[in-house]
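Okay, so the sequence shown: first residue is 47 according to our numbering, each after it adds one.
Following: one structure in structure tokens, then a few remarks.
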Amino acid sequence: MHHSGFVNIIGNPNVGKSSLLNELIGEKLAIINAKAQTTRHRIFGIYNDDDYQIVFSDLPGVIKPAYKMQESMMGFVKEALQDADLFLFMAELGDRQFKDERILAKLQEAEEPLYVAINKIDLGDQASLDAEMAYWSEKFPKAKKIFPISVKEKFNLKELFHSIKSEIPEGPEWFPKDQLSDKNDRFIVSEIIREKILTNFQQEIPYSVQVLVEGFQEEPDIIRTRAVIIVARDSQKNIIIGKGGSMIKKFGTQARKSMEEYYGKKVFLETFVKVDKDWRDDDRKLKKYGY
Ligand SMILES: Nc1nc2c(ncn2[C@@H]2O[C@H](COP(=O)(O)OP(=O)(O)O)[C@@H](O)[C@H]2O)c(=O)[nH]1
Ligand SMILES: [Mg+2]
């Protein structure tokens, strides 16, 4: 008998949702960063074995939208409230605020089983963990299980995974068994580049950048790919490029190395920078960039 189902991971920005997804499926699929709002889309990470297919959804952290791109980000979260077989609410030690009462209410009343994972327990002691467990079990009286975890130290992840597995109903294969994600290579390349931009720049740059991959050709020994880095203003273009091209060269090389690791192959990466004024607030442009 085959089992399949959707496990949707919901929580505040920065609690470790993308880190957990990567651990659960054993691949670095979703980008991880200490900056909030790193994840902008819904990303499927698919776990496969002979008898199971579990589709984990990594999602943007729940926020109050301030511009159109963020509205679209919260649209992905709302969609994920509709199609879960299991909800995994994720919190981190010491972070109890939740920005959207309606999402909270929906989770509290959900028919589907709800698990709570409290992450980053490596950062606290037993007393703070006890207080946190008490808080969340009161907040989610219907929660079937609460797991203290540390993705960083890989603590309690196997137990969490086995428990999740036991909740997955009978069902067909939704995706081919060798498929790891619903996202294609162009998306993965653009996310790898965006990750390097997030780690190399401060302030508004991480929130103003979009990466559009225009070419991806896989040859026997090399992958050739071409990416346009889109910014919202001229001044941002200069920052991205850096003095004499130093910055774009630096993060471009880092991105290429990550891609070579991910694909196990040599990569030739070309990068360009383009200004697309105020793209984050323009419906037509957002659509073009996949929001
Ligand atoms: N100390 C600690 N840090 C963690 C743990 N899990 C994730 N992080 C860090 O928390 C930050 C946010 O992680 P990320 O997965 O991007 O969170 P997301 O926004 O919920 O997807 C990153 O800097 C991670 O390295 C953990 O168990 N312990
Ligand atoms: Mg994330």
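We put the CB at the ideal spot given by N, CA and C, even for glycine.
Residue nearest to R148 in terms of C-alpha spacing, selected from L127, K295, E260 and A137: L127
Check N58 in the structure and name its three-state DSSP category. coil
Simplified DSSP state of P252, which is helix, strand or coil: helix
Does the contact criterion of 3 or more C-beta pairs under 8 Å hold for the region 179-190 versus the region 215-234? Using a Cβ-Cβ distance cut-off of 8 Å, the region 179-190 and the region 215-234 are not in contact, since fewer than three pairs of beta carbons, one from each stretch, lie closer than that value.
Reducing DSSP to helix, strand and coil, say where L75 ends up. For L75, the three-state secondary structure derived from DSSP is coil.
Does ligand 2 have even one heavy atom less than 6 Å from the beta-carbon of S64? yes
Measure from the alpha carbon of Y309 to the alpha carbon of each residue in I287, F262 and A278, then state which is nearest. F262
I'd like the span of the alpha helix (DSSP H) that includes F122, first residue to last. K114 to Q128
Does the distance from the C-beta atom of M115 to that of K63 stay below 7 Å? Cβ distance not < 7 Å, so M115 and K63 don't count as in contact.
L70 versus F207: straight-line alpha-carbon distance, rounded: When rounded, the distance between both Cα atoms is 7 Å.
Between which two residues does the alpha helix (DSSP H) holding T245 run? D231 to N246
Does the distance between the C-beta of P106 and the nearest non-hydrogen atom of ligand 4 fall short of 6 Å? Absence of ligand 4 from the depicted structure is noted, with ligand 1 and ligand 2 being the only ligands included.
How about T245: is its Cβ closer than 6 Å to a heavy atom in ligand 2? Not under cutoff, so the answer is no.
Going by the CB atoms, is the gap between I109 and E241 shorter than 7 Å? no
Among S118, L75 and A273, which has the Cα closest to the Cα of I362? Absent from the structure is residue 362, since the part of the chain shown begins at 47 and ends at 337.
Output yes or no for whether 7 Å exceeds the beta carbon distance between V50 and W220. Going by the sequence as given, residue 50 is Ser instead of Val. In contact: S50 and W220 (Cβ atoms closer than 7 Å).
Sheet register partners of H87 (DSSP bridge): Looking at the DSSP assignment, H87 forms no beta bridge with any residue, so it has no partner.
N79: beta carbon under 6 Å from a heavy atom of ligand 1? yes
Could you have a look at M293 and say whether DSSP puts it in helix, strand or coil? helix
For N94, which of helix, strand or coil comes out of DSSP? Shown here, N94 sits in a strand according to DSSP, grouped into three states.
Any idea what DSSP makes of I260, helix, strand or coil? The question names Ile, but residue 260 is Glu in the sequence shown. Strand.
Within 8 Å, do at least three Cβ pairs link the region 266-281 to the region 314-322? A contact exists between the region 314-322 and the region 266-281.
Taking contact to mean 3 or more Cβ pairs, one atom from each stretch, closer than 8 Å, check whether the region 190-201 and the region 151-166 are in contact. Counting Cβ pairs under 8 Å, three or more are found: they touch.
Tell me which residue opens and which closes the alpha helix (DSSP H) that N284 is part of. Segment D280 to I287, the alpha helix (DSSP H) holding N284.
Could you tell me if Y337 is buried or exposed, where buried requires 16 or more neighbouring beta carbons within 10 angstroms of its beta carbon? buried
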